[in-house]
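Worksheet for the structure shown next.
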Amino acid sequence: MAEPEERPTAAGFVARARAARLAAGHSQAWVAAEMTAAGATAWRQTTVGKVEAGQRALTLDEAYALGGLLGVPVAPVAGPAGDALAGDGLVTAAVRSDIDALGDLVGMEPSLAAAAVKLAGEMDSGGGDGGRLLPALTRELRATLVALAGGRDQGDEDDDDDLASPD
Numbered sequence: 005m006a007e008p009e010e011r012p013t014a015a016g017f018v019a020r021a022r023a024a025r026l027a028a029g030h031s032q033a034w035v036a037a038e039m040t041a042a043g044a045t046a047w048r049q050t051t052v053g054k055v056e057a058g059q060r061a062l063t064l065d066e067a068y069a070l071g072g073l074l075g076v077p078v079a080p081v082a083g084p085a086g087d088a089l090a091g092d093g094l095v096t097a098a099v100r101s102d103i104d105a106l107g108d109l110v111g112m113e114p115s116l117a118a119a120a121v122k123l124a125g126e127m128d129s130g131g132g133d134g135g136r137l138l139p140a141l142t143r144e145l146r147a148t149l150v151a152l153a154g155g156r157d158q159g160d161e162d163d164d165d166d167l168a169s170p171d
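Just so you know, we're using our numbering here: the sequence shown kicks off at 5 and counts up by one.
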């Protein structure tokens, strides 16, 4: 019987990112400059050192940017049984869960939901262009989810009007 895989951890991701950095021959200063160019605020060589030493946590945006920069994917979400959600990464799984919690989608909501899942998938795959697109993808995903939730809030008020019943 195969042993269950360990649940992905932030420390494991950082260790893989450090190993990829060293294998590629990049310095911590290079990573800091590339992260800053990708939109991460105030990254210096000391920031990279603290992240690699476990003394500073990464935000989700930073993890995706770092992963895209070094070619290290952020681990997929594993369920209680250790199985990934149809290959979904962290962001896609979270977005799908949030959308499922909304219930039946109407009007523009299915299109917005599909756009949100697509954006989340692009984020999970590293965002392309060495992770430099991740900040823009993050902003677009947030705006799409706000529009979806806003449409849901307005739509809920209209649900009381049933065309089949006389007023």
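Ideal Cβ placement from N, Cα and C applies to all residues, glycine included.
Since the structure is predicted, the reported quantities are computational estimates derived from the model, not experimental observations.
Could you check the C-alpha separation between residue i and residue j for me, to the nearest Å?
i, j, result
"A23", "E126", "24 angstroms"
"E113", "D128", "22 angstroms"
"W34", "R60", "18 angstroms"
"A28", "V52", "16 angstroms"
"E144", "A120", "9 angstroms"
"M39", "A153", "31 angstroms"
"T13", "L62", "12 angstroms"
For residue i versus residue j, is the C-beta distance shorter than 9 angstroms?
i, j, result
"L123", "L141", "yes"
"L74", "A21", "yes"
"G93", "V76", "no"
"A36", "P139", "no"
"V95", "Y68", "yes"
Where does residue i sit, in a helix, a strand or coil, going by DSSP?
i, result
"W34", "helix"
"Q59", "coil"
"R2", "With the chain represented from 5 up to 171, any question about residue 2 goes unanswered, as that position is not in the structure."
"A24", "helix"
"D128", "helix"
"D108", "coil"
"A42", "coil"
"G29", "coil"
"T13", "coil"
"P114", "helix"
"V18", "helix"
"V78", "coil"
"G72", "helix"
"L141", "helix"
"G53", "helix"
"G154", "helix"
Can you list, in chain order, the residues of its chain whose CB lies under 8 angstroms from that of residue i, leaving out five sequence neighbours each side?
i, result
"G58", "A15, V18"
"K54", "R60"
"R146", "none"
Output needed for residue i: all residues of its chain with C-beta closer than 6 angstroms, excluding positions within five of it in sequence on either side, in chain order.
i, result
"E66", "A44"
"I103", "A117"
"S31", "none"
"T50", "none"
"W47", "A36, M39, T40"
"L149", "A120"
"A151", "L116"
Does the beta carbon of residue i sit closer than 9 angstroms to a beta carbon anywhere in chain C?
i, result
"A147", "The structure shown contains no chain C; it holds only a single protein chain."
Apart from the five residues just before and just after residue i, which ones in its own chain have a Cβ nearer than 7 angstroms to its Cβ?
i, result
"R25", "V35, L74"
"E56", "V18, R22"
"S101", "none"
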